[in-house]
Amino acid sequence: MKRGILFAGVVALVGSTTVSSCRRAADPQQLATVDSLINALEAARLTLNELDTQRYAKADSILQATRGLFLQRFNDTLAKDLATTLGDQFVQLREADRRGTDHRNVYRSVVDAGLRLKKLRHDVSVAALEPKDVTAALTNERLAAEVIEGGVLQVISNYQSTQRVLERQPLVDSLLIDTLPERRIPR
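When you line the sequence shown up against this note's numbering, it's residues 35 to 221, in that order.
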């Protein structure tokens, strides 16, 4: 009985040595590429986390509260500068809800891509994939990262636009209220 256990142990030891000796080593260049993509996506995730998504909701609620005033003013004949200011503000407020949705979608894409890359890194580190499959996966992930980077830049731009709209709203409120015919003070 002891002889059988000893034999099985020796066979297992020899078998595991031959299996592991057939395994390819991880390609350090591919690991570096995956790590670089992971770091870039982590930076994008942190950047998106820094942006206060409640600003989109605030801008949308301002639109809901002032839509009637905007529409009433648009029925009047307006001076060009007043029409430009009110029209731009109305359009920017109207875009706030969509911008918030875009922000959430890009964030979700960043998180999903990060998870994919962590799985790919594991597969590359244990040489679980054929080299051509790793190359194809890295090409796809680079392209996905470029699309995501464009989305992040667009989110940042939209966020800055929304911030400017919120800063300009007190002026716009005064233009909406002070110039309405029923609000004019007789002289």
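Beta carbons are placed, not taken as given, at the ideal position from N, Cα and C, and that holds for glycine. Just so we're clear, the structure is a prediction, and the values are computed from it rather than from any experiment.
(request) Would you kindly check if the distance between the Cβ of G185 and the Cβ of S159 is under 8 Å? (result) Here the question's residue 159 lines up with position 125 in the sequence shown. Here the question's residue 185 lines up with position 151 in the sequence shown. Not closer than 8 Å, so no.
(request) Within 10 angstroms of the Cβ of D94, are there 16 or more other Cβ atoms? Answer buried if so, exposed if not. (result) Your numbering for residue 94 matches position 60 in the sequence shown. The residue is buried, with at least 16 neighbouring Cβ atoms inside 10 Å.
(message) Between which two residues does the alpha helix (DSSP H) holding L105 run?
(response) Numbered from 1 along the sequence shown, position 71 holds the residue referred to as residue 105. Counting along the chain, the alpha helix (DSSP H) containing L105 begins and ends at 88-108.
(message) With three or more beta-carbon pairs closer than 8 Å as the criterion, would you say the stretch 186-196 touches the stretch 120-135?
(response) yes
(request) Buried or exposed for G199, please, with buried defined as at least 16 other CB atoms from any protein chain shown within 10 angstroms of its CB. (result) Residue mapping note: residue 199 aligns to position 165 of the sequence shown, counting from 1. Reading off the sequence, residue 199 comes out as Val, not Gly. The residue in question, V199, is buried, as its Cβ has 16 or more Cβ neighbours within 10 Å.
(request) Can you check the stretch 113-176 for any alpha helix (DSSP H) of at least 4 residues that lies completely inside it and give the ranges in chain order? (result) 114-159
(message) For a test of the three-state rule: what should DSSP assign to D61, helix, strand or coil?
(response) Within the sequence shown, residue 61 is the residue found at index 27, counting from 1. The answer is coil: DSSP assigns D61 none of H, G, I, E or B.
(request) Using three-state DSSP, classify L85 as helix, strand or coil. (result) Position 51 of the sequence shown holds residue 85. The answer is coil: DSSP assigns L85 none of H, G, I, E or B.
(request) Pair every Cβ in the stretch 130-141 with every Cβ in the stretch 88-102, then say whether three or more of these pairs are closer than 8 Å. (result) yes
(request) Keeping to the same chain, check which residues put their C-beta closer than 6 Å to that of V206; ignore five residues upstream and five downstream. (result) The residue labelled residue 206 in the question sits at position 172 within the sequence shown. Closer than 6 Å at the Cβ level, and outside the excluded window around V206, lie Q123.
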